[in-house]
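Colleague: Residue numbers (numbering that gives the first Met the number 0), protein chains in the order written: chain A, 0 to 297; chain B, 0 to 317. Here a beta-carbon is modelled for each residue, glycine too, at the ideal position from N, C-alpha and C.
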Amino acid sequence: MEVERARVEEPPVGMVGLLLKRLRKPAYVGEYMVVAGLALLSVFLFLALFPDLVAPYDPIAIGLGPRLAPPNSQFIMGTDHLGRDVLSRVIWGARIALLVSTSAAVLSLVIGAPLGLVSGFLGGKLDRVLSLVMDSIYAFPSLVLAIAIAAVLGPGIANVAIAISVIYIPTYFRVVRGEVLVIREQLYVEAARAIGAKSPTIMRKYVLPNALPSMIVVFTLNVADAVLTEAGLSFLGLGIPPPTPDWGQDLQRGLEVVLSGSWHPIFFPGIMIVLLVLAFCLIGDGLGEVLNPRLREP
Amino acid sequence: MSEKLLVIEDLAVYYFTRADVIKAVDGVSIEMNKGEVLGLVGESGCGKSTLGYAIIRLIPSPGRIVSGRILFHGENLVEKSEEEMRDLRGRRISMIFQDPMTSLNPVMKIKDHIVETLMVHGYEDEQKALDRARELVEMLGIEPSRLEDYPHQLSGGMRQRIAIALAIALNPDLVIADEPTTALDVIVQAQILELLKDLRKKYNLSFVFITHDLGVAAELVDNVAVMYCGKIVEYASTDRLFAEPLHPYTRGLLRSVPNVLMKKWDLSPIPGTLPNPADPPPGCRFHPRCPHATDRCRREEPKLMDVGGTKVACFLYR
């Protein structure tokens, strides 16, 4: 028999490779968004990894300068109510923000996604019960729930991450379960059964990888949300205990002095929060478009 | 006489929906020898696919086998546990699906599809499995380098070849082919049919070939069972069926297919539509559309009877 020689496309490089290749030469809005978001995020990553290289002063040293000095050549972003350098605090704050938000998002992914996978794939009573539990968590106002959990656990990096992760578990559960409900009806899952594959194998090799794109998108958007929630908890004094530099905490201290005309202790941490959230949102929304061609605008 | 490969006795498969009980397969009996290709022919919704899925016990929910036996090498598949069936699937009974565009996992390389199939059933050495995969695709006319590709990089015909490779990877006794050529264009269809014929000759494979295309059936199939509304209405060797169709439904089917030898274009479709399988008409299920229907047809259900070598369920031949 004649061997078919026609090549439909170039040799494959896998999903991640394909994505990277496409992003090197962005062609439409979604890809530009991802590239811009990644660029912005890499700045924050650099700050978080090497704050000591960038920050001009010790972020927790009190009385470096006069109290509440406005931005000047010595203190580019001014000083706060204790005479600490706002720039240095803002830079060191990136570390906490990234650490807490990503670990919270990873934690909820690790718990929520497998539950959604099993629940959606097996269905039945288990699915009913899990969906009910998840929906009740989801129905709770998320910040209120986070406050309650954080209040019970007490302040601290790990505790804040746990409190935040609990409120995002249902998001993963719902997204993954929804995807799985669609995927499990696909012919290739049927075909996997027809070769005699066991359910765990089908879930791991056939269902989960096909649900991955939406999980990635939800993950990035969740990190963005987690940055806000972490700042919110710290703002309320339920987050990271002082004197650790933290944007939410600095916002709260800044609020006390903003009425007396010192705008800078509240402005710069606020801007950082906005930019970091923006970075994750750009990546998330952009990836959503890249991974789902149907969302692309013509 | 040699032991039958597959004997189906009075099989009934119903779908239990909230409102109705849909009798997709209702009292079907078939026999099949090793090396035989059995065609299941009928309109969409006549139950032919359900029958195919029943043999490999993959009837989609809410369907259930209600009664009857499926004897495969003398073992009743209906009574087998899910575990036992899983061991049979892919190894002794396998399946080729209709749509090669969706029957392969989009995130798995071709080689992983084949290796996976082999490893599920006892291949422990991945290298050995890979060698077998290479041998298989080469046999099916695909360059082994394509094993590194993902499904979307292959054409429909190539994908169907891969699906066939998966189905025959472990030399099964029986392959159920559910309209394997329907989703392909005509030229590829012919190639795939040719390939199946080849494989059949080489490996003495047995197929249950499900199709609505009588032309395709004529190419490959030894015996044909014509199904109508969950029942077999005519069951004969392919030659006999095409030379001398007995059941009015079979005749109608043959008349509704264009033929190059036709002098003029006188296709005559069968009037009416398939009855609702949840509420089939009493008596012969074909009587509302049958030109020869009598009072008896409306009251009494005809049984399959042997008429000169053809089994037919019709009162015209008593």
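Taking Cβ-Cβ distances shorter than 9 angstroms, what residues in chain A pair up with N222(B)?
Modeller: The premise fails here: N222(B) is roughly 24 angstroms from chain A at the closest Cβ pair, so nothing lies under 9 angstroms.
Colleague: Three-state secondary structure (DSSP) at T101(B)?
Modeller: In the structure shown, T101(B) sits in coil (DSSP, three-state: anything other than H, G, I, E or B).
Colleague: Which residue from G153(A), V165(A), A149(A) puts its Cα closest to that of I110(A)?
Modeller: Among G153(A), V165(A), A149(A), the Cα nearest to that of I110(A) is on V165(A).
Colleague: So with CB distances below 7 angstroms, who are the chain B contacts of L186(A)?
Modeller: Ordered by position in chain B, the residues that pass the 7 angstroms Cβ test against L186(A) are F96, D98, T101, S102.
Colleague: With a threshold of 6 angstroms on Cβ separation, who are the neighbours of F15(B) within its own chain once the five nearest residues in sequence on each side are excluded?
Modeller: The residues are P61.
Colleague: Using the beta-carbon count (16 or more within 10 Å), is E115(B) buried or exposed?
Modeller: Result: buried.
Colleague: Let me make sure I understand the geometry here. Which of L116(A), L22(A), P50(A), L281(A) has the alpha-carbon closest to that of I90(A)?
Modeller: Comparing Cα-Cα distances from I90(A) to each of L116(A), L22(A), P50(A), L281(A), the minimum goes to P50(A).
Colleague: For the pair the stretch 45-53 of chain B and the stretch 239-247 of chain B, tell me if three or more CB-CB distances fall below 8 angstroms.
Modeller: As far as the Cβ criterion goes, the stretch 45-53 of chain B does not touch the stretch 239-247 of chain B, which means the pair count is below three.
Colleague: How many Å lie between V301(A) and R66(A) at the Cα?
Modeller: This structure does not reach residue 301(A), given that chain A is present from 0 up to 297, and the question cannot be answered.
Colleague: Smallest Cα separation from A191(A): which of I231(B), C45(B), D148(B), I113(B)?
Modeller: Measuring from the Cα of A191(A), the nearest candidate turns out to be I113(B).
Colleague: With a CB to CB cut of under 7 angstroms and the five nearest residues on each side skipped, what residues in its chain are close to A333(A)?
Modeller: What the structure shows of chain A is the stretch from 0 to 297, and residue 333(A) is not part of that stretch, so it cannot be assessed.
Colleague: Measuring only the C-alpha atoms, how far is G89(B) from I161(B)?
Modeller: Taking the straight line from one Cα to the other gives about 14 angstroms.
Colleague: Residues of the stretch 191-216 of chain A in Cβ contact with chain B at a cutoff of 9 angstroms, in chain order, please.
Modeller: So the list reads A191, R192, A193, I194, G195, A196, K197, T200, K204, Y205, P208, N209, L211, given in the order they occur along the chain.
Colleague: Is Y52(B) helix, strand or coil when you go by DSSP?
Modeller: The answer is helix: DSSP assigns Y52(B) an H, G or I state.
Colleague: Should R284(B) be labelled buried (16 or more other beta-carbon atoms within 10 Å of its own) or exposed?
Modeller: Classification for R284(B): buried.
Colleague: Tell me whether the stretch 223-239 of chain A and the stretch 67-83 of chain A touch, counting them as touching only if at least three CB pairs, one residue from each stretch, are closer than 8 angstroms.
Modeller: With a cut-off of 8 angstroms, the stretch 67-83 of chain A and the stretch 223-239 of chain A do not count as touching, because too few Cβ pairs lie within range.
Colleague: On a CA-only basis, which of G229(B), L253(B), D305(B) is nearest K22(B)? Give me that one, please.
Modeller: Looking at the Cα atoms, G229(B) is the closest of the given residues.
Colleague: Counting only C-beta atoms, is L165(B) closer than 8 angstroms to chain A at any point?
Modeller: Yes, L165(B) lies at the interface with chain A (some Cβ there is under 8 angstroms from its Cβ).
Colleague: Taking just the CA atoms, how far does N209(A) sit from L19(A)?
Modeller: If I take the Cα positions, the gap works out to 19 angstroms.
Colleague: Check whether the Cβ of M0(B) lies closer than 8 angstroms to any Cβ atom in chain A.
Modeller: With a pLDDT of 45 at M0(B), under the threshold of 50, the predicted position of this residue should be treated as unreliable, and no value is reported.
Colleague: Can you give, in chain order, each stretch of the alpha helix (DSSP H) that sits fully within the stretch 124-164 of chain A and has at least 4 residues?
Modeller: You should have 141-152.
Colleague: Taking Cβ positions only, does V12(A) come closer than 8 angstroms to chain B?
Modeller: Low per-residue confidence applies at V12(A): pLDDT is 46, beneath 50, and the placement is therefore not dependable, though the value from the model is reported in the following sentence. No, V12(A) lies away from the interface with chain B (no Cβ there is under 8 angstroms from its Cβ).
Colleague: Taking the alpha-carbon positions, what's the V223(B) to V77(B) distance?
Modeller: V223(B) and V77(B): Cα-Cα distance of roughly 23 angstroms.
Colleague: Cα separation between S135(A) and D177(B)?
Modeller: Rounded to the nearest angstrom, the two C-alpha atoms are 44 angstroms apart.
Colleague: Is V311(B) helix, strand or coil when you go by DSSP?
Modeller: Correct three-state label for V311(B): strand.
Colleague: Determine the extent of the beta strand (DSSP E) in which E318(B) is found, giving its start and end residues.
Modeller: Nothing about residue 318(B) can be reported from this structure: the residues present for chain B run from 0 to 317 only.
Colleague: For S93(B), which residues in chain A fall below 8 angstroms Cβ to Cβ?
Modeller: By Cβ distance, chain A contributes A193, I194.
Colleague: Would you say D184(B) reaches chain A, if we count a Cβ-Cβ gap shorter than 8 angstroms as a contact?
Modeller: No, its Cβ sits nowhere closer than 8 angstroms to a Cβ of chain A.
Colleague: Report yes or no: do the stretch 153-165 of chain A and the stretch 234-248 of chain A share at least 3 C-beta pairs separated by less than 8 angstroms?
Modeller: Yes, since at least three Cβ pairs between the stretch 153-165 of chain A and the stretch 234-248 of chain A fall closer than 8 angstroms, the two stretches touch.
Colleague: Pick out whichever of V225(B), P276(B), M304(B), G251(B) has its Cα sitting closest to the Cα of L291(B).
Modeller: A quick correction: the sequence has His, not Leu, at residue 291(B). Nearest option by C-alpha distance: G251(B).
Colleague: One question on the structure: do A47(A) and R94(A) come within less than 8 angstroms of each other, judged by their Cβ atoms?
Modeller: Closer than 8 angstroms, so yes.
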